[in-house]
Amino acid sequence: MNIRFLIRKYHRWLALFIGLQALIWIASGVYMVTVDLDYIHGDQLAHKMDEPIRENYQNLISFAEIQQLYPSASKIELVQWLGAAHYRLSDDDGSHLIDARTAHVISPLTRDDALRVAEYHFAQEGNIINITLLTDQKNAPSELNGRTLPLWQVSFDDEIASNFYISPDSGILVTRRHEYWRMFDFLWMLHIMDYENRTDVNNLLLIISSILGVILSISGFWLLFYSFKKSRPQNVRRDK
Amino acid sequence: MSILRLIHRWVGIFLGLQMILWMVSGFIMSYYDHDMVEGNHLRKAPIRSSLTLTPVNDLSQILASLPLGEQILNISAEYFRGQNIVKIRTDHATRMFDAKSGEYINIDADYAKTIARDDFTGEGDITTVSEIIAPTLETRESNGPGWRVDFNNAENSSLYLSAETGQIWERRHDQWRQFDFFWMLHIMDYQNRKSFNNWIVILASWISLWIALTGFIVLFESLSKGDFNFIAPLLARNKTTRFTVKSKDGHFNKSYSSKGHHTLFRVLAAENINLPTSCGGGGTCGLCRVQLKPAPKATPIDYRKLSKEEIREGYRLSCQHHQFDKSTISLPDSLFGKSKLSFKVD
Ligand code: FES
Chain Y
2 MNIRFLIRKY HRWLALFIGL QALIWIASGV YMVTVDLDYI HGDQLAHKMD EPIRENYQNL
62 ISFAEIQQLY PSASKIELVQ WLGAAHYRLS DDDGSHLIDA RTAHVISPLT RDDALRVAEY
122 HFAQEGNIIN ITLLTDQKNA PSELNGRTLP LWQVSFDDEI ASNFYISPDS GILVTRRHEY
182 WRMFDFLWML HIMDYENRTD VNNLLLIISS ILGVILSISG FWLLFYSFKK SRPQNVRRDK
Chain L
118 MSILRLIHRW VGIFLGLQMI LWMVSGFIMS YYDHDMVEGN HLRKAPIRSS LTLTPVNDLS
178 QILASLPLGE QILNISAEYF RGQNIVKIRT DHATRMFDAK SGEYINIDAD YAKTIARDDF
238 TGEGDITTVS EIIAPTLETR ESNGPGWRVD FNNAENSSLY LSAETGQIWE RRHDQWRQFD
298 FFWMLHIMDY QNRKSFNNWI VILASWISLW IALTGFIVLF ESLSKGDFNF IAPLLARNKT
358 TRFTVKSKDG HFNKSYSSKG HHTLFRVLAA ENINLPTSCG GGGTCGLCRV QLKPAPKATP
418 IDYRKLSKEE IREGYRLSCQ HHQFDKSTIS LPDSLFGKSK LSFKVD
C-alpha cells in the first residue's frame with residue numbers, strides 16, 4: 002500500500018485523538034502570550050509594597066531589645082508596614098509583627114487590621130465586599146496554589162473580582178488574584194494537562210500527548226507539503 | 118501563481134514548521150525532569166540552624182557608615198553561614214555586616230568559591246570564578262553584582278551567586294542549557310528568552326489558532342464523509358461489492374468482488390491497481406479520479422476537484438466513494454503497462 006495512504010490514514014486517527022488537545026494547546030497559548038504577564042500577576046492591583054523606613058532608628062525600639070523579648074527568634078526584620086516601622090520576626094511559634102515604636106504586638110491581625118492592610122495596598126477603584134479568615138487547609142481556595150493558611154481573604158467588588166490574601170502573622174500581602182489570573186491558571190492547567198495540581202509539567206499524560214503531538218505535526222506537515230507540490234499541474238489542467 | 122497564494126503557501130510552511138517546533142520543544146520540556154533542570158538534584162539540603170541570635174550591638178554605627186542618600190528598605194538580623202549578621206537593603210544595594218563587630222562582609226572571589234563548593238554536591242572541581250556585572254542569559258532572573266563559579270564536570274555546571282548576599286541565584290548545567298534552548302523555541306523570544314508576551318509569538322499563535330480551527334472544520338467535514346463512521350463499516354462488513362474494471366481501449370477487462378465497507382481507491386489498491394495520489398486518499402489532490410458507470414452521487418469534494426462536465430460524464434474521486442456495486446470502472450490505458458497491473462504510476 003502507498004506510504005502516503007498510510008500516513009493519511011493514521012494522521013486522521015491521530016488527529017481525532019490529539020487534535021482537540023492541539024487546539025487546546027494553541028488556544029490556551031494564544032491567551033497566555035496575548036495578555037500581559039505583569040497584569041496577570043496583578044502588579045496593577047497593589048502599590049506601596051516596598052516602602053522605605055522613614056523613622057530614625059534612634060527613636061525606635063532597638064534590635065537588641067526585641068531580641069531580649071524574643072530570645073528564640075531566628076530572624077528579625079525591621080520593615081515599613083502600613084506607613085510605620087515594624088519588626089517582623091520568626092521564632093519557634095511562627096511569625097510575629099511588632100510595632101517598632103511601642104513594642105505593641107500586632108499579630109495575629111484582626112479583621113480591622115486586615116481591612117486596613119487591604120485598603121492601604123489596593124491601587125484600583127473598588128470597595129471591599131468580604132473579609133474572611135481562612136483556616137481550613139483542606140478546603141483552601143484552589144487559587145492559593147497550596148499556600149499555607151491561615152490567611153485573611155479580602156474580596157473587592159471591582160470588575161475583575163480581585164482578592165487579596167494577607168497573612169495574619171506577618172501582616173504581609175501574600176498574594177492577589179483576579180479574573181484574568183484565574184483564567185490564566187485554568188488555561189495553564191489545560192496547557193500542561195495536570196488537572197489536579199496545575200503545577201506538574203512532568204506528568205505522563207503530557208509526555209505521551211506531546212509525543213503524539215510531535216507525530217501529528219510532522220505527518221501533517223508532510224501532507225501539507227505534498228498537497229502543495231502535486232496539486233499544481235492538476236489545477237492548471239482544469240483551468241484550461 | 119498569484120502573490121497572495123504564494124504568501125499563503127509560505128506562511129503555511131513557516132507555521133507548519135513552528136507547529137512542529139512547538140510540539141517538539143513542548144515534549145522535551147515535559148520530558149526533562151523539572152527539578153533536575155533547575156539543578157536541585159546537586160544541591161546540598163540547607164542546614165536548619167537552631168542557634169539563637171546574639172544581641173546586635175552596633176547597629177547605629179553601621180547605619181552611620183551607609184552612604185548618604187540611600188533609602189533603607191529593610192534591616193534584618195539573621196544567620197549567614199553560622200555567623201550572626203545584619204543585612205541592610207536600600208534602594209541602591211544590599212550589604213551585610215557582622216552583627217558583633219559591625220564589619221562589612223565582603224563576598225570576594227575566594228568567598229564565592231567556598232560558598233559554591235559548599236552548596237554543590239556533584240562531581241568536579243572549581244575551574245574559574247568570574248564576576249557578573251550585568252544579568253546574562255543564565256542569570257536573567259537576578260539583578261545586582263554576582264559571581265559565576267564553574268565546575269569541570271561532564272555537565273559543565275555553573276553556580277551563580279549574589280556578591281551582595283551570598284545567596285545562590287542559579288544552578289546551571291548542560292541540561293538546563295538544552296531545556297532553555299527549547300524554551301526559547303517555544304516562546305519565540307530569541308533574544309532574551311524571557312518574555313512570552315512578544316509580538317512574534319502573539320502573531321504566530323493567533324494565525325495557528327486560525328489554521329487549527331479551519332483544520333477542525335476539515336476534520337468534521339470528513340466526519341460527515343464517513344471517515345470516522347463506525348456504523349457503516351460494521352453494517353457493511355459482510356456486504357459484497359461486484360464491479361468491473363476496464364481500460365479505456367478495452368484491452369483490459371476484468372470483474373472483481375470485494376467484501377466490506379472500503380473506498381474504491383482502497384479496493385483497487387488491494388487489487389494492485391495503484392491510482393496516482395499525492396494526498397493519500399484525503400480528497401485534496403484530485404489525482405485518483407476514475408470514470409464509473411453507473412456513477413454514485415457526486416459529493417461536494419468531487420465538485421471541488423472535478424468540473425461539472427466531468428461529473429456528468431461519471432468521473433468521481435475514487436477515494437471518496439464506498440458505493441460502486443455493479444459499476445464498471447474505466448481507467449486510463451496508461452495504468453496497464455506491459456507487465457499487467459504491476460506497473461506503479463505514482
Ligand atoms: S487520492 Fe487524492 S483526491 Fe483521492
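Just so you know, the sequences run in chain order Y and L. Residue numbering for the first sequence follows the working numbering, starting at 2 and increasing by one per position. Residue numbering for the second sequence follows the working numbering, starting at 118 and increasing by one per position. C-beta: ideal position from N, C-alpha, C; glycine also.
### Query
Which whole-angstrom value describes the C-beta separation of Arg177 of chain Y and Phe187 of chain Y, a residue pair presumed to lie in contact below a C-beta threshold of 8 Å?
As a working mapping, residue 177 of chain Y is identified with position 176 in the first sequence. As a working mapping, residue 187 of chain Y is identified with position 186 in the first sequence. About 17 Å separates the two Cβ atoms, so there is no contact after all.
### Task
Whole angstroms is fine: what's the gap from Met50 of chain Y's alpha carbon to Arg112 of chain Y's?
The residue you call residue 50 of chain Y lines up with position 49 of the first sequence. The residue you call residue 112 of chain Y lines up with position 111 of the first sequence. One C-alpha to the other measures close to 20 Å.
### Task
For the beta strand (DSSP E) holding Val106 of chain Y, just list the boundary residues, first then last.
Along the first sequence, one-based indexing puts residue 106 of chain Y at 105. Note, Val106 of chain Y: premise wrong, no beta strand (DSSP E); not H, not E.
#### Entry: Sequence-distant residues of its chain with Cβ nearer than 7 Å to Leu206 of chain Y (five each side left out)
Locating residue 206 of chain Y in the first sequence gives position 205, counting from the first residue. Cβ neighbours of Leu206 of chain Y beyond the five flanking positions: Met194.
### Gly400 of chain L, buried or exposed, once every other Cβ within 10 Å from all chains shown has been counted against 16
Start at 1 with the first residue of the second sequence, and residue 400 of chain L comes out as number 283. It is buried - the Cβ of Gly400 of chain L has at least 16 other Cβ atoms within 10 Å.
### Query
If we call anything under 8 Å between Cβ atoms a contact, is Ile192 of chain L one with Glu66 of chain Y?
Locating residue 192 of chain L in the second sequence gives position 75, where the first residue counts as 1. Locating residue 66 of chain Y in the first sequence gives position 65, where the first residue counts as 1. Not closer than 8 Å, so no.
### Query
Mind checking Thr331 of chain L: buried by the 16 CB within 10 Å criterion, or exposed?
Residue mapping note: residue 331 of chain L aligns to position 214 of the second sequence, counting from 1. So Thr331 of chain L ends up on the exposed side.
### Task
Could you name the residues of the same chain whose beta carbon sits closer than 8 Å to that of Cys405 of chain L, not counting the 5 residues immediately before and after it, in chain order?
Counting from 1 along the second sequence, the entry for residue 405 of chain L is found at position 288. Same-chain partners within the cutoff: Phe382, Leu392, Pro393, Thr394, Gly398, Leu434, Ser435, Cys436.
### Query
What is the residue span of the alpha helix (DSSP H) that His151 of chain L lies within?
Here residue 151 of chain L refers to the residue found at position 34 when the second sequence is read from its first residue. For His151 of chain L, the uninterrupted alpha helix (DSSP H) run begins and ends at 151-154, by DSSP.
#### Entry: Nearest-angstrom Cβ-Cβ length linking Lys410 of chain L and Thr445 of chain L, presumed shorter than 8 Å
For the purposes of this step, residue 410 of chain L is taken as residue 293 along the second sequence, with counting starting at 1. For the purposes of this step, residue 445 of chain L is taken as residue 328 along the second sequence, with counting starting at 1. The pair is a contact, with the Cβ atoms about 5 Å apart (cut-off 8 Å).
### Query
Under three-state DSSP, which class holds Gln22 of chain Y?
The count along the first sequence starts at 1 and reaches residue 22 of chain Y at position 21. In the structure shown, Gln22 of chain Y sits in a helix (DSSP, three-state: H, G or I).
### Query
For the alpha helix (DSSP H) that contains His303 of chain L, what are its first and last residues?
Start at 1 with the first residue of the second sequence, and residue 303 of chain L comes out as number 186. Counting along the chain, the alpha helix (DSSP H) containing His303 of chain L begins and ends at 291-304.
### Message
Is Thr401 of chain L close to the ligand FES? I mean its beta-carbon at under 7 Å from any heavy atom of the ligand.
### Response
For the purposes of this step, residue 401 of chain L is taken as residue 284 along the second sequence, with counting starting at 1. Correct: Thr401 of chain L has its Cβ closer than 7 Å to the ligand FES.
### Query
Which runs of the beta strand (DSSP E), 3 residues or longer, sit entirely within the segment 398-447 of chain L?
406-410, 432-434
### Query
With a CB to CB cut of under 6 Å and the five nearest residues on each side skipped, what residues in its chain are close to Pro413 of chain L?
As a working mapping, residue 413 of chain L is identified with position 296 in the second sequence. His438, Gln440, listed in sequence order.
### Beta-carbon contacts of Ile185 of chain Y that lie in its chain and below 6 Å, excluding the five residues immediately before and after
For the purposes of this step, residue 185 of chain Y is identified with residue 184 of the first sequence, where counting begins at 1. According to the sequence displayed, residue 185 of chain Y carries Phe and not Ile. Counting only residues of its own chain and dropping the five nearest sequence neighbours on each side, Phe185 of chain Y has a CB closer than 6 Å to the CB of Ile41.
#### Entry: Near-chain Y residues of the segment 266-278 of chain L (beta-carbon distance less than 7 Å), N- to C-terminal order
none
### 8 Å contact criterion, which Ser171 of chain Y and Arg89 of chain Y should meet: CB distance rounded
Taking the first sequence and counting its residues from 1, one reaches residue 171 of chain Y at position 170. Taking the first sequence and counting its residues from 1, one reaches residue 89 of chain Y at position 88. Right, their Cβ atoms sit about 6 Å apart.
### Task
Please list the partners that Tyr148 of chain L has in chain Y, where partner means a Cβ-to-Cβ separation under 7 Å.
In the second sequence, the residue the question calls residue 148 of chain L occupies position 31. Those are Ile208, listed as they occur along chain Y.
### chain Y within 8 Å of Leu180 of chain L, Cβ atoms only
Counting from 1 along the second sequence, the entry for residue 180 of chain L is found at position 63. For Leu180 of chain L, the answer is yes, since a Cβ of chain Y falls inside 8 Å of its Cβ.
### Message
So with CB distances below 7 Å, who are the chain L contacts of Asn203 of chain Y?
### Response
Here the question's residue 203 of chain Y lines up with position 202 in the first sequence. Those within 7 Å of Asn203 of chain Y in chain L are Ser147, Asp150, His151.
### Message
Tell me whether the segment 205-219 of chain L and the segment 176-185 of chain L touch, counting them as touching only if at least three CB pairs, one residue from each stretch, are closer than 8 Å.
### Response
yes
#### Entry: Within-8 Å CB hit, Met33 of chain Y to chain L
In the first sequence, the residue the question calls residue 33 of chain Y occupies position 32. Interface residue, yes.
#### Entry: Cα-Cα separation between Ile334 of chain L and Ser275 of chain L, rounded to whole angstroms
Taking the second sequence and counting its residues from 1, the one referred to as residue 334 of chain L is at position 217. Taking the second sequence and counting its residues from 1, the one referred to as residue 275 of chain L is at position 158. So the alpha carbons of these two residues sit roughly 50 Å apart.
### Message
For Val215 of chain Y and Arg288 of chain L, I'd like the C-alpha separation in whole angstroms.
### Response
Indexing the first sequence from 1 puts residue 215 of chain Y at position 214. Indexing the second sequence from 1 puts residue 288 of chain L at position 171. The C-alpha of Val215 of chain Y lies about 30 Å from the C-alpha of Arg288 of chain L.
### Message
Please classify Trp82 of chain Y as buried or exposed, where buried requires at least 16 other C-beta atoms within 10 Å of its C-beta.
### Response
The residue given as residue 82 of chain Y occupies position 81 in the first sequence. Buried: at least 16 other Cβ atoms inside 10 Å.
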